[in-house]
Amino acid sequence: MSNATWLSEIPQLDRKQLLEIRKTLDGAYRDFSREYGDTIESLFDPLLSFLIWFEKLLLSSPWWLIIGILVGLAYVASRSWKLSASVGIAFFVIGFFGMWDNTMRTMSIILVSTMLAIASGYPPGSSWLSPKKPELSLPPYLT
């Protein structure tokens, strides 16, 4: 690359350098996953069991009950019958087009993730409401 081309073209690594980086990263990941993979996986087994249970619950529930609950939640959250009706129609159309099972699987992942985020975020968040803020007890990334 001549001296003036760096102004118009971004510098790049050549293929050989990229291949070396990729091999190094792949090897490090493979070694890490072989060493700690089973341990990490066993830590998340309860979460996986809960996710599978919740997915089966959504898949085995009648479609009209799920739509009714979602319409009710939409109404409580928005106080708008138009939005609630739109939610009901949208989920009916999803089922009508044959995408109900995939949607319930996706919803189970989203709902379990949301529950986990709320459960892990509520204690530190609510501790900030106290008059004496526990600044020293919370991790630095929260302050």
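Counting in the UniProt record's numbering, the final residue of the sequence shown is number 143, and the numbers go up one at a time with none missing. C-beta atoms are modelled at their ideal positions from N, C-alpha and C, and glycine is treated no differently.
I'd like to know if the region 55–68 and the region 116–131 are in contact, where contact means that at least 3 CB-CB pairs between them fall below 8 Å. With a cut-off of 8 Å, the region 116–131 and the region 55–68 do not count as touching, because too few Cβ pairs lie within range.
Compute the Euclidean distance between the alpha carbons of GLY37 and ILE118, then round it to the nearest angstrom. CA-to-CA, the gap between GLY37 and ILE118 works out to about 27 Å.
Extent of the continuous alpha helix (DSSP H) run through THR5: Here THR5 belongs to no alpha helix (DSSP H), and DSSP marks it neither H nor E.
Alpha-carbon to alpha-carbon, LEU25 and ASP31: Each residue's CA atom was taken as its position, placing ASP31 and LEU25 some 10 Å apart.
Does DSSP classify GLU20 as helix, strand or coil? GLU20 falls in the helix class under three-state DSSP.
Assuming LEU58 and MET104 make a contact with CB atoms under 8 Å, what is their CB distance in whole Å? About 4 Å separates the CB atoms of LEU58 and MET104; that is less than 8 Å, so the two are in contact.
DSSP three-state label for LEU51, please. LEU51: helix per DSSP, three-state reduction.
Own chain residues within Cβ distance below 7 Å of SER108, not counting five before or after: Excluding residues within five positions, the ones whose Cβ falls inside 7 Å are LEU51, PHE54, GLU55, LEU58.
Does any residue of chain C have a CB that is nearer than 8 Å to the CB of PHE91? Reference to chain C is not applicable here, since this structure consists of a single protein chain.
Mapping the DSSP letters down to three states, classify GLU97 as helix, strand or coil. Correcting the residue type first, residue 97 is Phe in the shown sequence and not Glu. It is coil, neither helix nor strand.
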